[in-house]
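Notes for the one structure printed next.
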Amino acid sequence: MEAVAMEADLNNSAVGSDPKPLVAYRCKKCRRLVASEDLIVSHERGGGQKSFKWKKRSADADVQVLECSSIFVEPMKWMEALEEGCVGDKLQCIGCKARLGSFNWAGMQCNCGAWINPAFQLHKSRLDECHY
1 MEAVAMEADL NNSAVGSDPK PLVAYRCKKC RRLVASEDLI VSHERGGGQK
51 SFKWKKRSAD ADVQVLECSS IFVEPMKWME ALEEGCVGDK LQCIGCKARL
101 GSFNWAGMQC NCGAWINPAF QLHKSRLDEC HY
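This is how it looks when you write it as C-alpha cells:
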C-alpha cells in the first residue's frame, strides 16, 4: 500500500469542501472515534460457506449469512501495530486498548466468503455505529 494510504486519518479533511460523514464508528468501551463511512473498503459479497475450506464450514452449508460481521477500512494512523512492521496482528483502540479487530497485509476472508487484500478488519460487535 502506498505511503499516502498510511496517512489516511480521521482528522484530515479538506478545508470546508467535504461534508461530515454520515456514519461514524466508535469503540464501544471508551467511545473513541475509530473510523468513518468514507474510510470503509467495500467488497462484493462472496459465496458464503462454499468459499471456505471444508474444515471451516459449518454442518449446515445452506445457511446464508445475512450481513457481514466486520467492516474493512483503509489503514489509519491510530493503528499502532502497523508501525511495527508485522504482516498481521491485532488492532487495539488507542484510548482503552480494547481489541477492535485485526489486520493482515496478505489479506483475509470476510464471513460472507469474500477475500479482502490487504485487510484491516474491525468487528462490528466491538464498535458503535453512530448515524449523523
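Note that our numbering has the sequence shown beginning at 1, numbered continuously upward.
The C-beta atom is built at its ideal place from N, Cα and C for all residues, glycine as well.
Non-local C-beta neighbours of C130 in its own chain, meaning closer than 8 Å and more than five positions away in sequence, comprise V23, A24, Y25 and R26, ordered along the chain. About 14 Å separates the beta carbons of A106 and F72, which is beyond the 8 Å limit, so they are not a contact pair. Taking the Cβ atoms as the reference, A98 lies roughly 4 Å from K29, within the contact range of under 8 Å. Shown here, K90 sits in a strand according to DSSP, grouped into three states.
In the structure shown, the three-state DSSP call for S125 is helix. When only Cα atoms are considered, M108 and S69 end up about 14 Å apart.
By the neighbour-count criterion, in which 16 or more other beta carbons inside 10 Å mark a residue as buried, V87 falls on the exposed side.
If you draw a 10 Å sphere on the C-beta of V41, you find fewer than 16 other C-beta atoms in it, and that means exposed.
Each of R32, H43, L39 and K90 was checked against the Cα of E74, and the nearest Cα belongs to L39. Secondary structure at L100: strand, using DSSP grouped into helix, strand and coil.
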